[in-house]
Amino acid sequence: MGKGNSAGKENASQRFMRATGRLRAIFGPANRSSLGHDMTDENRRLLAQREAETQQWETVKRPDGSTYVVPRNPEDKSLR
Numbered sequence: 131m132g133k134g135n136s137a138g139k140e141n142a143s144q145r146f147m148r149a150t151g152r153l154r155a156i157f158g159p160a161n162r163s164s165l166g167h168d169m170t171d172e173n174r175r176l177l178a179q180r181e182a183e184t185q186q187w188e189t190v191k192r193p194d195g196s197t198y199v200v201p202r203n204p205e206d207k208s209l210r
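Using the working numbering, read the sequence shown as starting at 131 and increasing by one per residue.
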């Protein structure tokens, strides 16, 4: 009875890890850290930096459907 109640409260990663238990025995354990924690100041700074880095690039699509990344402003060397 207790197991049925806790299974309803599991998030997707917990259900996945329970379902793949035998595979983890072969390939090793997965990271089970909590995803519901507050961001630290350091993590906020890193996120802002990564977001700024991604803003300097744009994706160009060729006629054949392939894509590649080019700088938005080739003269801007601030983040490279």
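Every residue, glycine too, gets a C-beta built ideally from N, C-alpha and C. Since this is a predicted model, take the numbers as computed values, not measurements.
In angstroms with no decimal places, state the Cα-to-Cα distance between residue i and residue j.
i: Thr150; j: His167; result: 25 angstroms
i: Met147; j: Gly158; result: 12 angstroms
i: Ala142; j: Pro193; result: 38 angstroms
i: Met169; j: Glu181; result: 15 angstroms
i: Leu176; j: Arg152; result: 36 angstroms
i: Thr197; j: Ala178; result: 25 angstroms
i: Arg145; j: Ile156; result: 18 angstroms
Determine, for residue i, whether the minimum Cβ-Cβ distance to residues of chain D falls below 8 angstroms.
i: Arg148; result: Judged by its chain identifiers, the structure shown contains no chain D, having just a single protein chain.
Do residue j and residue i come within 8 angstroms of each other at the CB atom, strictly closer than that value?
i: Pro204; j: Gln186; result: no
Closest to residue i by CA distance: which of the options is it?
i: Asp206; options: Asn173, Glu183, Leu177 and Arg175; result: Glu183
So does residue i have its beta carbon nearer than 7 angstroms to some heavy atom of the ligand ATP?
i: Met169; result: For the ligand ATP, the structure offers nothing, since it holds no ligand at all.
TODO: List in chain order: all unbroken beta strand (DSSP E) runs of 3+ residues lying wholly within the region 146-192.
DONE: 187-191
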